Amino acid sequence: MTDPMGQFGLIVAGTVIVLVALQMFYRAYIGDLDRWLELQSLHRLLRTAVVALGRFGLAARGVVFCAGGAILIEAAIQRRPWRVRALGGTLRTIGDASLGAPPLSASYRRINI
């Protein structure tokens, strides 16, 4: 972080990540799920459940992205690049916080389809 533009770049990157998280919160609030998801063919009760789970998932992703962006911004401001974490580190940071472990009972993993 000897380059001043490096610190500025990390702050900008962290801010963009937080803005993406806010966009996820907004999409969860209005129920804007995947546009390719065919909900009209589902039974009304099942459609309601899918939308509720989708909203929860978007909000959960928003929390993780917001925490990741905040960690990136904090590391840039404090000039401590070793504090930057990948997604797994962000989840561990949230899990280590008070009341963080119960919401993170499932672990993040990539599913290849």
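Note that my numbering numbers the sequence shown so that position 15 is 18, with each residue one more than the last.
C-beta atoms are modelled at their ideal positions from N, C-alpha and C, and glycine is treated no differently.
These numbers were taken from a predicted model, which means no experiment stands behind them.
Assigned secondary structure, residue i (DSSP; H/G/I helix, E/B strand, else coil)
| i | result |
| --- | --- |
| R83 | coil |
| G34 | coil |
| L40 | coil |
| L45 | coil |
beta-carbon residue i near the ligand PLP non-hydrogen atom, thresh 7 Å
| i | result |
| --- | --- |
| L13 | The ligand PLP is not part of this structure, which contains no ligands at all. |
Sequence-distant residues of its chain with Cβ nearer than 6 Å to residue i (five each side left out)
| i | result |
| --- | --- |
| G17 | G72, L75, I76 |
| V153 | Since the first and last residues shown for the chain are 4 and 116, residue 153 lies out of range. |
| A62 | A31 |
| M27 | L61, R64, G65 |
Residues near residue i by beta carbon distance below 7 Å, same chain, minus five either side
| i | result |
| --- | --- |
| G9 | none |
| V15 | none |
Between the CA atoms of residue j and residue i - distance to the nearest angstrom
| i | j | result |
| --- | --- | --- |
| F68 | Q43 | 30 Å |
| L25 | D35 | 13 Å |
| G12 | Q81 | 14 Å |
| A55 | A70 | 23 Å |
C-beta neighbour in chain D for residue i, strict 8 Å
| i | result |
| --- | --- |
| D37 | Included in the structure is just one protein chain, with no chain D present. |
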